[in-house]
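Asker: One structure is given below, represented as structure tokens, and several questions about it will come after.
Numbering (UniProt numbering), first residue to last: 1 to 174.
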């Protein structure tokens, strides 16, 4: 998929980057869609197009690349990333970046999904309740990082302990 996306990547009824900045688009597409995609060290067998797309979307949220996110989101959806996966990426970013930095990306996702005929809201995906989130989060932390995480949500200095609790109950649960 990534090797075949060069042509219409930036088309949206406006002059494309290829029309306005052909040298840039040539440099970018050769690097991103030829060199990176065909570099053996950058192509772990587990890194399929959908997984690569999810990593790119998360990275674009982290660097506040809203325009690039809006460009890459249709590519990701066309490449097999499900709408619910895109929403989860955006939702998870709130814990790390804050509501204000993530809201523009949620708006982009909603606009693109609506334009594609996806009915919103999507079906809920939560596997916990407010009462079970902290315990489920601790279980996930222990599975990922080991027994040293047991009791982590209630450890540390009192003035920062709430951050450990929020992390366990907001980041490591569904």
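All C-beta atoms in this analysis are idealised placements derived from N, C-alpha and C, irrespective of residue type, glycine included.
Note that the structure is predicted; figures quoted are calculated from it, not measured.
Between the beta-carbon of residue 112 and the beta-carbon of residue 73, is there less than 8 Å?
Answerer: yes
Asker: My output table needs one value for residue 107: the three-state DSSP class, helix, strand or coil.
Answerer: helix
Asker: Rounded to whole angstroms, what's the CA-CA distance from residue 21 to residue 31? Just pull it up for me.
Answerer: When rounded, the distance between both Cα atoms is 16 Å.
Asker: Straight-line CA distance for residue 169 to residue 138?
Answerer: 8 Å
Asker: Just verifying my parser: in three-state terms, what is the DSSP assignment at residue 85?
Answerer: Helix.
Asker: With a 10 Å radius around its C-beta and 16 neighbouring C-beta atoms as the bar for buried, classify residue 141 as buried or exposed.
Answerer: Buried: at least 16 other Cβ atoms inside 10 Å.
Asker: In three-state terms, what does DSSP make of residue 67?
Answerer: helix
Asker: Below 8 Å between beta carbons: does that hold for residue 87 and residue 109?
Answerer: Result yes, Cβ atoms of residue 87 and residue 109 sit closer than 8 Å.
Asker: Tell me whether the beta-carbon of residue 54 lies closer than 8 Å to the beta-carbon of residue 68.
Answerer: At least 8 Å separates the beta-carbon of residue 54 from that of residue 68.
Asker: Are residue 50 and residue 105 touching if we call contact CB-CB under 8 Å?
Answerer: no
Asker: Return the chain-ordered list of same chain residues with a C-beta closer than 8 Å to the C-beta of residue 89, the five sequence neighbours on each side being excluded.
Answerer: Same-chain partners within the cutoff: 54, 57, 58, 61.
Asker: Under a Cβ-count criterion, where at least 16 other Cβ atoms within 10 Å of its own Cβ denotes burial, should residue 18 be classed as buried or exposed?
Answerer: buried
Asker: Just verifying my parser: in three-state terms, what is the DSSP assignment at residue 125?
Answerer: coil
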